[in-house]
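Asker: Quick one: structure below, then a few questions.
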Amino acid sequence: MPRLLKFINHSIEDFAMQVTYNPIEGTGQVVYNLSVFRTCDLAPAVDIVRGACRSGVCVSDLVKFIHEGESIDGYTIPQGSTGICTVCSITLDGLLLKRGVPLNPIGGGVIEIVDRIPRRFTQIIRYEDTTIDPLQVLASQDITSISRVISTGNGTILANIRECHMEAEPLVAELLDDLAESRFTGVLEVGMPNSPLLGVQISPQYIGMVAVGGTNPIAAVKESGYPVITRAMKGLLDVSEMEEISTCGY
Numbered sequence: 029m030p031r032l033l034k035f036i037n038h039s040i041e042d043f044a045m046q047v048t049y050n051p052i053e054g055t056g057q058v059v060y061n062l063s064v065f066r067t068c069d070l071a072p073a074v075d076i077v078r079g080a081c082r083s084g085v086c087v088s089d090l091v092k093f094i095h096e097g098e099s100i101d102g103y104t105i106p107q108g109s110t111g112i113c114t115v116c117s118i119t120l121d122g123l124l125l126k127r128g129v130p131l132n133p134i135g136g137g138v139i140e141i142v143d144r145i146p147r148r149f150t151q152i153i154r155y156e157d158t159t160i161d162p163l164q165v166l167a168s169q170d171i172t173s174i175s176r177v178i179s180t181g182n183g184t185i186l187a188n189i190r191e192c193h194m195e196a197e198p199l200v201a202e203l204l205d206d207l208a209e210s211r212f213t214g215v216l217e218v219g220m221p222n223s224p225l226l227g228v229q230i231s232p233q234y235i236g237m238v239a240v241g242g243t244n245p246i247a248a249v250k251e252s253g254y255p256v257i258t259r260a261m262k263g264l265l266d267v268s269e270m271e272e273i274s275t276c277g278y
């Protein structure tokens with residue numbers, strides 16, 4: 029019997045249910061993305077990722093390095109390469125579910141930024157319509173200008189959007205307060221009930237929530253001309269295995 033296609037919204041649900049991250053204690057598992065660079069490019073790549081973290085176009089400044097020959101979740105880093113695990117924004121969906129917030133993941137896309145303020149989605153791919161992570165697809169199309177957003181505050185970045193039931197708004201506000209003191213900084217915008225958010229229609233009795241894409245720092249590296257292979261939503265990783273990129277030795 030042939031295997032049925034698994035759309036990304038189902039993968040998000042599977043990963044979100046396994047998130048155990050506690051933003052107050054800084055413990056537990058997060059969803060991670062894996063990006064693989066040539067080791068010779070690692071130092072400038074890390075500098076670019078650091079800049080992205082300082083400018084706020086990332087989900088978290090926590091990373092984990094995987095060296096050549098080492099394996100993680102069934103993937104072995106090739107010779108001459110180094111992997112960087114970064115926190116995936118789908119971790120937010122897990123945090124919401126953990127608080128008892130009913131939600132629907134909508135999709136991932138590209139957001140226009142003007143004077144460091146998000147204006148609108150210019151492209152979006154809905155999770156229910158694709159078997160490939162939308163941000164991974166869009167990052168490969170050379171349609172972002174994350175480096176320009178970092179330097180000037182204008183351009184386009186990757187982001188995703190989900191909707192949460194309006195009756196859970198107090199729980200959402202409580203989570204945002206907790207995240208403000210944590211290493212998870214990826215929430216970009218929260219909408220009003222029954223109102224579109226950044227040009228995306230929201231279901232009746234729901235509010236929209238936009239998070240910056242976890243692959244933004246990596247897309248900024250790619251924009252600078254360094255080859256990179258990214259596997260979004262690669263698996264789950266305990267934050268105790270990660271370190272702040274500002275203090276890493278690269």
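The number in the working numbering is simply the position in the sequence shown, starting from 1, with 28 added.
A virtual CB, placed ideally from N, CA and C, is assigned to each residue, including glycine.
My guess is that V58 and V47 are in contact by the Cβ rule of under 8 Å, so how many angstroms apart are they, rounded?
Answerer: Stepping through the sequence shown from its first residue, residue 58 is reached at position 30. Stepping through the sequence shown from its first residue, residue 47 is reached at position 19. That pair is a contact at about 6 Å.
Asker: What would DSSP say about C192, mapped onto helix, strand or coil?
Answerer: On the sequence shown, position 164 is the one that residue 192 refers to. C192 falls in the strand class under three-state DSSP.
Asker: Of the choices P232, I160, F149, whose alpha-carbon is the least far from that of M194?
Answerer: By 1-based counting over the sequence shown, the position of residue 194 is 166. Selected option, being the one with the closest Cα: P232.
Asker: Taking the alpha-carbon of T275 as reference, which of S39, R78, R66, G54 has the nearest alpha-carbon?
Answerer: Walking along the sequence shown from the start, residue 275 turns up at place 247. The residue with the shortest Cα to Cα distance from T275 is R78.
Asker: Taking N132 as the reference, give the member of L264, D89, H38, P255 with the closest Cα.
Answerer: Within the sequence shown, residue 132 is the residue found at index 104, counting from 1. Closest option to N132, Cα to Cα, is H38.
Asker: In the DSSP assignment, find the unbroken alpha helix (DSSP H) run with F43 in it and report its ends.
Answerer: Mapped onto the sequence shown, residue 43 falls at position 15. Note, F43: alpha helix (DSSP H), 36-44.
Asker: Using a threshold of 8 Å, state whether the C-beta atoms of I112 and V91 are closer than that.
Answerer: Here residue 112 refers to the residue found at position 84 of the sequence shown. Here residue 91 refers to the residue found at position 63 of the sequence shown. It is a contact, given that the beta carbons lie within the stated cut-off.
Asker: Am I right that M270 and F43 are in contact with their C-beta atoms under 8 Å? What's the rounded C-beta distance?
Answerer: Along the sequence shown, one-based indexing puts residue 270 at 242. Along the sequence shown, one-based indexing puts residue 43 at 15. So it is not a contact: roughly 17 Å between Cβ atoms.
Asker: Could you give the DSSP three-state label for C81: helix, strand or coil?
Answerer: Position 53 of the sequence shown, counting from 1, holds the residue named residue 81. DSSP places C81 in helix when its eight states are reduced to three.
Asker: Looking at the unbroken beta strand (DSSP E) that takes in G137, where does it start and where does it end?
Answerer: Counted from its first residue, the sequence shown places residue 137 at position 109. It spans 131-142 - the beta strand (DSSP E) in which G137 sits, taken as one unbroken run.
Asker: Curious, which full-length alpha helix (DSSP H) runs of at least 4 residues does the stretch 53-129 contain?
Answerer: Qualifying alpha helix (DSSP H) stretches, in chain order: 70-83, 119-126.
Asker: Can you give the beta carbon distance from G135 to I189, rounded, assuming they're within the 8 Å contact cut?
Answerer: Here residue 135 refers to the residue found at position 107 of the sequence shown. Here residue 189 refers to the residue found at position 161 of the sequence shown. Right, the Cβ-Cβ distance comes to about 6 Å (below 8 Å), so this counts as a contact.
Asker: Where do the N-terminal and C-terminal ends of the beta strand (DSSP E) with T258 fall, by residue?
Answerer: Within the sequence shown, the letter at position 230 stands for residue 258. Unbroken beta strand (DSSP E) run through T258: 256-266.
Asker: Which full runs of the alpha helix (DSSP H) of 4+ residues lie inside the stretch 154-210, going along the chain?
Answerer: Taking only runs of at least 4 residues, the alpha helix (DSSP H) segments lying wholly in the stretch 154-210 are 162-167, 174-180, 197-207.
Asker: How far does the alpha helix (DSSP H) with I246 in it reach, from first residue to last?
Answerer: Here residue 246 is taken as the residue at index 218 of the sequence shown, counted from 1. Element bounds for I246: 244-251.
Asker: Can the beta-carbon of R259 be found closer than 8 Å to that of L62?
Answerer: On the sequence shown, residue 259 is found 231 positions in, with the first residue counted as 1. On the sequence shown, residue 62 is found 34 positions in, with the first residue counted as 1. Yes, these two residues count as a Cβ contact at 8 Å.
Asker: By a C-beta neighbour count over all protein chains shown, 10 Å radius and 16 as the cutoff for buried, is E53 buried or exposed?
Answerer: Position 25 of the sequence shown, counted from the start, is the residue given in the question as residue 53. E53 should be labelled exposed.
Asker: Do V165 and I174 have their beta-carbon atoms positioned less than 8 Å apart in this structure?
Answerer: For the purposes of this step, residue 174 is taken as the residue at position 146 of the sequence shown. For the purposes of this step, residue 165 is taken as the residue at position 137 of the sequence shown. Contact: no.
Asker: Checking 8 Å against the spacing of the C-beta atoms, do L199 and V129 come in under that value?
Answerer: Taking the sequence shown and counting its residues from 1, the one referred to as residue 199 is at position 171. Taking the sequence shown and counting its residues from 1, the one referred to as residue 129 is at position 101. Taking 8 Å as the Cβ cut-off, L199 and V129 qualify as a contacting pair.
Asker: From the DSSP output, in three-state form, read off T301 for me.
Answerer: The structure shown does not extend to residue 301, since the chain is modelled only from 29 through 278, so no value can be given for it.
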